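>
There are 2 protein chains.
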Amino acid sequence: MVESVQVELDELYALSTAILTRSGFSGVHAAAISKMLSTCQLDDCQSHGLFRLLMCCQTMRGGKIDGHILPVVEASDSAIVRVDARGGMSLLAVEAGMPLLIEKTRTYGIAAMAINRCFHFSALWPEVEQLSAAGLAGLAMVPSHSWVAPAGGKRGTLGTNPLAFSWPRQNQTPFTFDFATSGFARGEIELYLRAGKPLPEGVAVDAEGNPTTDPQAALDGAMLTFGGYKGSALSIMIELMAGPLIDDLTSMESMAFAEGTGGAPYHGEIILAFDPDHFSGGRVADNDARAERLFADILDQGARLPSQRRFEARARNTARGYVEMPAALHAELSAMLD
Amino acid sequence: MVESVQVELDELYALSTAILTRSGFSGVHAAAISKMLSTCQLDDCQSHGLFRLLMCCQTMRGGKIDGHILPVVEASDSAIVRVDARGGMSLLAVEAGMPLLIEKTRTYGIAAMAINRCFHFSALWPEVEQLSAAGLAGLAMVPSHSWVAPAGGKRGTLGTNPLAFSWPRQNQTPFTFDFATSGFARGEIELYLRAGKPLPEGVAVDAEGNPTTDPQAALDGAMLTFGGYKGSALSIMIELMAGPLIDDLTSMESMAFAEGTGGAPYHGEIILAFDPDHFSGGRVADNDARAERLFADILDQGARLPSQRRFEARARNTARGYVEMPAALHAELSAMLD
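Heads up: the protein sequence lines correspond to chains A and B, in order. In terms of the UniProt record's numbering, the first sequence has 208 at position 208, counting the first letter as 1, and numbering is strictly consecutive. In terms of the UniProt record's numbering, the second sequence has 284 at position 284, counting the first letter as 1, and numbering is strictly consecutive.
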C-alpha cells in the first residue's frame, strides 16, 4: 500500500508553478505546464501528473531547453496551423495554436496543427479534450525516444508513440483514449522501478534482446509495441506523421539529440481536428444519437469505455476539492522548494 | 498443400468483369471492382482478390444493392469531398472522388473524402496507395458488420474495422499497412473455414462468449480485437470516424440493415490525405531521407516492413505475367460463366 496525502486543487497548481519557476521556466511556461499537470492529477492520472515535474526539472538541468522562449504561430492560408516552439516546452505552443486550429477546423471541416521544435513530456488527452470540448473530434500523435523495438526486431527504433483521440458527447464527458503504442508507457515503467515491482510479461526485452520483467533491464534494453505487428505498424505511422511529415525529428533522432542528458524528448507533435457539423452535412444530432447507441451497447454488455475511471476520479476529486497523491512524491516535490 | 493454377493478368480482369456483369453490375461498376480485385490478386492477396467475387455476387443476390447506380460527387468549398454512392458498390464512388481529394489535399494541405451509402467489401490499401502514388500520405477507415466484441465484452458490437495507411517513398514501393482491428480479418476466417483449419487461439469467442478455435463457431459468435483494450479503443474510433462523423451507419446498424442477407456490408468510408509538401514547409527531400533512415534501421535489425511480402509478390507476378490462385476457386469462378 502506497501511503498517500491529500492535496487541495489550488495547492497542486501553486506547488507546480513554484517548482517550475525556481527550476528556470518563465511564468507563462510554468502556468501552461502546471495547468496540464493539475488536469492530469485531478483525474488521478499519477503517471502524467505532478510526478512529471521531476522530468521537467531534469530537462532544464539537461541544458538544451529554453525556459523563456515564446512560441511563434505561423500564418497560413491552408488548413494547417504551424507553431514553432523554438526549443521550448510544447504546452505553451499548443495553447498558442489551439484557437487557430479550432477556427480552421470550423472553416475547412478538417485541419491540423503541427508543433515543431518542442520538448514534450505530457499526456495528450488534455489536448484532444480541448477539441472535444469545442464540439470537434481530435486525434494527436507524438514520437518520443527510440526505446521500442519494431515487430521482429531486437533494438529500440520507435518511440512509445502515443495516440490520443477524443469525440464530443452532449452533456457528458467525451469518448477519449490516450495510449502508448508501446506495450507499456515509459512513465509506467519508471513507476514500477520506483515501486520495486516486476513488469508484466511480454512488454520488454533486455539489452541482449531477451524477454525481461525487470524494470531497470527494460529501461536499459527495448520495449515492445502492443498488439504485435499491427501495433508496430501503427507506431511507425506515428513516427512518420509526427516526424518527417511535419519536418521534425524521428524518435531515433530525438534520442541522438538528447545525448544522454535525460529529461523530456525533443521533437514535433501533430494534432488533427474534425468538425462533425461539416462532415455530417449538419446532421449532428442524429449522429450523436447513433454514437450514443454504440456506447450504450458497449456498456450494456459489461465492458467499459476508455477513460471511464479517469472521469470518475475527476468527478470525485472535483466534488471533494482535493486529490490524493503518493506521500513520498509530495515530500520530494515539497523539498525542492526548501 | 492447396493446388493452384496459373492465371494470366489479362485473364484475371476479363474473368472478373464477365462474372460481375452477368451477376448484374453495370460495365463501369464491373470495371472498378475488377480493377481492385486484380490489383489485390497481383499482390497474392488471396483473401481480397478474386475470392471476393463470391461476396459481390452474393451481395447482388441479397437484393439491396443497385448494380447500375452512379455515384454523385458533391461540390463543397471545404476540405471535405463527399461522394454519395447512392446504394452502389464503393469502388466507383472512390474512383469518382479521388481526383478531387488529391486536388483538395494539394490546396489545403490536409483533406478528407467521405463516401456515403456504399456497399463495401474491398481491401483499403489500393486506395491509400493511390494517394501515395500521387506523393501524398493517406489513411483510410471503414466499419463493417458487428462481429467483434469490445474489450471486456461478450458480443459483437464493433466491425472488423480495418485501418490502412500509405506513405510515399521516392523510386520504390510505398510504406503501406492495411490491417483489421479484429484479431483476424473476417475474410481470413472464411478462408480457414473453406480450408477446414482451426483458428489461432485468442481471436474469437463462440456464441456463449467462450474462447474458440473453430472457424464456424467464431463466425456464429464474436471475434476479438487485436491488442486488447488498445485495439478495442482504436476500433471504436474507426466506428465513430467512418460512421457518425460522416453521417453514416455503425457496424451494428449495418448488420441490422443487412437483415441476414449476407454479402458486403452497407455503410460509409473515410479517407484522410496529407500533403508532405505543405506539412513540411517544402522540405520534402530532407524528410524523405529522414523517413528512409527510419526504414533502414528497421530492416537492418532483421525486421520486415508491412506489405513487404505483397510488394515482392507484385514484382514477381508482374515479371512473369501471371498469378497463382487456388485451383478450386478458379474452377468455382469459371463455372459461374457456364
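Even glycine gets a Cβ: it sits at the ideal position worked out from N, Cα and C. From a predicted model like this one, the values you see are computed outputs, not experimental measurements.
1. Can you have a look at LEU337/B and say buried or exposed, based on whether 16 or more other CB atoms are within 10 angstroms of its CB?
2. For GLY138/B, tell me which candidate among PRO200/B, PHE175/B and GLU208/B has the shortest Cα-Cα distance.
3. Tell me whether PRO244/B sits in a helix, a strand or coil according to DSSP, three-state version.
4. Does the Cβ of ALA204/B have 16 or more other Cβ atoms within 10 Å, making it buried, or fewer, making it exposed?
5. Could you pull the start and end residues of the beta strand (DSSP E) that ALA273/A belongs to?
6. In the segment 204-228 of chain A, which residue ranges form an unbroken alpha helix (DSSP H) of at least 4 residues, counting only runs that do not cross its ends?
7. Which residue comes first and which comes last in the beta strand (DSSP E) that contains residue 347/B?
8. Of all Cβ atoms in chain B, is any one closer than 8 angstroms to the Cβ of GLN308/A?
9. With 8 angstroms as the limit, tell me which residues of the segment 277-297 of chain B have their beta carbon closer than that to any beta carbon of chain A; keep them in chain order.
10. What do you reckon, are the CB atoms on ARG304/A and GLY152/B nearer than 8 angstroms?
11. Check whether the segment 68-86 of chain A touches the segment 153-169 of chain A, counting contact only when three or more Cβ pairs, one atom from each stretch, lie closer than 8 angstroms.
12. Is the closest heavy atom of the ligand MN to the C-beta of ALA289/A under 7 angstroms?
13. Taking all protein chains shown into account, decide if THR225/B is buried (16 or more other Cβ within 10 angstroms of its Cβ) or exposed.
14. Could you tell me the alpha carbon to alpha carbon distance between MET36/A and GLU11/A, rounded to whole angstroms?
15. Going by Cα to Cα distance, which pick from PRO168/B, ALA264/B, TYR229/B and ILE110/B is closest to LYS64/B?
16. Who are the Cβ neighbours of GLY62/A in its own chain at under 7 angstroms, not counting the five residues just before and after it?
17. Beta-carbon separation of LEU124/B and ALA140/B under 8 angstroms?
18. List, in order along the chain, the chain A residues whose C-beta lies closer than 7 angstroms to that of PRO265/B?
19. GLU239/A touches chain B at which residues, Cβ-Cβ below 9 angstroms?
20. Hey, ILE271/B and MET113/B: beta-carbon distance below 8 angstroms or not?
21. Closest to HIS68/A by CA distance: which of ALA32/A, SER146/A, SER26/A and ALA79/A is it?
22. Can you tell me which residues form a DSSP beta bridge with VAL148/A?
23. Smallest Cα separation from SER254/B: which of PHE121/B, GLN6/B and ALA32/B?
24. How is GLU201/A classed by DSSP in three states: helix, strand or coil?
25. Within 10 angstroms of the Cβ of LYS197/A, are there 16 or more other Cβ atoms? Answer buried if so, exposed if not.
26. Between which two residues does the beta strand (DSSP E) harbouring ASP44/A extend?
27. Skipping 5 residues on each side, what residues in its chain have a beta carbon closer than 6 angstroms to that of ILE238/B?
28. Is DSSP giving SER4/B helix, strand or coil here?
29. Going residue by residue through the segment 270-333 of chain B, where are the continuous alpha helix (DSSP H) segments of at least 4 residues, counting only ones entirely within it?
30. Chain A partners of PHE179/B, CB-CB under 9 angstroms?
31. Examine chain A for any beta-carbon lying closer than 8 angstroms to the beta-carbon of TRP167/B, and answer yes or no.
32. List the residues of chain A whose Cβ lies closer than 8 angstroms to the Cβ of PHE226/B, in chain order.
33. Assign GLN130/B to buried or exposed, taking buried as 16 or more other Cβ atoms, counted over all protein chains shown, within 10 Å of its Cβ.
34. Find the nearest neighbour of ARG106/B within the set ALA242/B, LEU136/B and LEU249/B, judged by alpha-carbon distance.
35. Taking any Cβ of chain B, which residues in the segment 241-266 of chain A have a Cβ under 9 angstroms from it, in chain order?
36. Taking SER251/A as the reference, give the member of ILE189/B, ASP297/B, SER146/B and THR59/B with the closest Cα.
Considering the structure as presented:
1. On the second sequence, position 337 is the one that residue 337/B refers to. Its Cβ having fewer than 16 others within 10 Å, LEU337/B is exposed.
2. Here residue 138/B is taken as the residue at index 138 of the second sequence, counted from 1. Ranking PRO200/B, PHE175/B and GLU208/B by CA distance to the CA of GLY138/B puts PHE175/B first.
3. As a working mapping, residue 244/B is identified with position 244 in the second sequence. PRO244/B falls in the helix class under three-state DSSP.
4. For the purposes of this step, residue 204/B is taken as the residue at position 204 of the second sequence. Buried, because 16 or more other Cβ atoms sit within 10 Å of the Cβ of ALA204/B.
5. Taking the first sequence and counting its residues from 1, one reaches residue 273/A at position 273. Membership of ALA273/A in the beta strand (DSSP E) is indicated by the continuous run 266-274.
6. Here the runs fully enclosed are 215-220.
7. Since the first residue of chain B shown is 1 and the last is 338, residue 347/B is not available in this structure.
8. Against the first sequence, residue 308/A aligns to sequence position 308. With respect to chain B, the C-beta atom of GLN308/A has no partner C-beta closer than 8 angstroms.
9. Along the segment 277-297 of chain B, going in chain order, the ones with a CB nearer than 8 angstroms to a CB of chain A are HIS278, PHE279, SER280, GLY281, ARG283, ASP286, ASN287, ASP288, ARG290, ALA291, ARG293, LEU294 and ASP297.
10. If you number the first sequence from 1, residue 304/A lands on position 304. If you number the second sequence from 1, residue 152/B lands on position 152. Taking a C-beta distance under 8 angstroms as the contact criterion, ARG304/A and GLY152/B qualify as a contact pair.
11. Flag = no, the segment 68-86 of chain A and the segment 153-169 of chain A do not touch.
12. Absence of the ligand MN from the depicted structure is noted, as is the absence of any ligand whatsoever, leaving it without description.
13. Here residue 225/B refers to the residue found at position 225 when the second sequence is read from its first residue. Under the 10 Å beta carbon count, THR225/B is surrounded by 16 or more other beta carbons and is classified as buried.
14. As a position in the first sequence, residue 36/A is number 36, starting the count at 1. As a position in the first sequence, residue 11/A is number 11, starting the count at 1. Taking the straight line from one Cα to the other gives about 14 angstroms.
15. Looking up residue 64/B in the second sequence gives position 64. Closest by alpha carbon: ALA264/B.
16. In the first sequence, residue 62/A corresponds to position 62, counting from 1. Same-chain partners within the cutoff: THR261, GLY262 and GLY263.
17. Here residue 124/B is taken as the residue at index 124 of the second sequence, counted from 1. Here residue 140/B is taken as the residue at index 140 of the second sequence, counted from 1. A Cβ-Cβ contact shorter than 8 angstroms links LEU124/B with ALA140/B.
18. Reading the second sequence from its first residue, position 265 is the one you call residue 265/B. One finds nothing in chain A with a Cβ atom closer than 7 angstroms to the Cβ of PRO265/B; even the nearest lies about 15 angstroms away.
19. Taking the first residue of the first sequence as position 1, residue 239/A is located at position 239. At a C-beta separation below 9 angstroms, GLU239/A has these neighbours in chain B: ALA291 and LEU294.
20. Reading the second sequence from its first residue, position 271 is the one you call residue 271/B. Reading the second sequence from its first residue, position 113 is the one you call residue 113/B. Yes. Within cutoff.
21. Locating residue 68/A in the first sequence gives position 68, where the first residue counts as 1. The option with the nearest alpha carbon to HIS68/A is SER26/A.
22. Working through the first sequence from its first residue, we reach residue 148/A at position 148. BP columns for VAL148/A point to LEU158/A and MET223/A.
23. Start at 1 with the first residue of the second sequence, and residue 254/B comes out as number 254. Nearest C-alpha to SER254/B: PHE121/B.
24. Against the first sequence, residue 201/A aligns to sequence position 201. Of the three classes helix, strand and coil, the one that applies to GLU201/A here is coil, per DSSP.
25. The count along the first sequence starts at 1 and reaches residue 197/A at position 197. LYS197/A comes out exposed.
26. Translated into the one-based positions of the first sequence, residue 44/A becomes position 44. ASP44/A -> no beta strand (DSSP E), and no H or E assigned at all.
27. Position 238 of the second sequence, counted from the first residue, corresponds to residue 238/B. Once the five neighbours on either side are set aside, the close Cβ partners of ILE238/B are MET141 and ASN161.
28. Position 4 of the second sequence holds residue 4/B. Three-state result, SER4/B: strand.
29. DSSP runs (the alpha helix (DSSP H)) wholly in the segment 270-333 of chain B: 276-279, 284-300 and 308-320.
30. Reading the second sequence from its first residue, position 179 is the one you call residue 179/B. Listed along chain A are TYR229, LYS230, ALA233 and LEU234, each with a C-beta nearer than 9 angstroms to that of PHE179/B.
31. In the second sequence, counting from the first residue as 1, residue 167/B sits at position 167. Output row for TRP167/B: interface = yes.
32. The count along the second sequence starts at 1 and reaches residue 226/B at position 226. In chain order, GLY227, GLY228, LYS230 and GLY231 make up the part of chain A whose C-beta sits under 8 angstroms from the C-beta of PHE226/B.
33. On the second sequence, position 130 is the one that residue 130/B refers to. Buried is the call here.
34. Your numbering for residue 106/B matches position 106 in the second sequence. Checking every option, the nearest Cα to that of ARG106/B belongs to LEU136/B.
35. Answer set for the segment 241-266 of chain A: MET241, GLY243, PRO244, LEU245, ILE246, ASP247, ASP248, LEU249, THR250, SER251, MET252 and GLU253.
36. Looking up residue 251/A in the first sequence gives position 251. Nearest to SER251/A by alpha-carbon distance, out of ILE189/B, ASP297/B, SER146/B and THR59/B, is ASP297/B.
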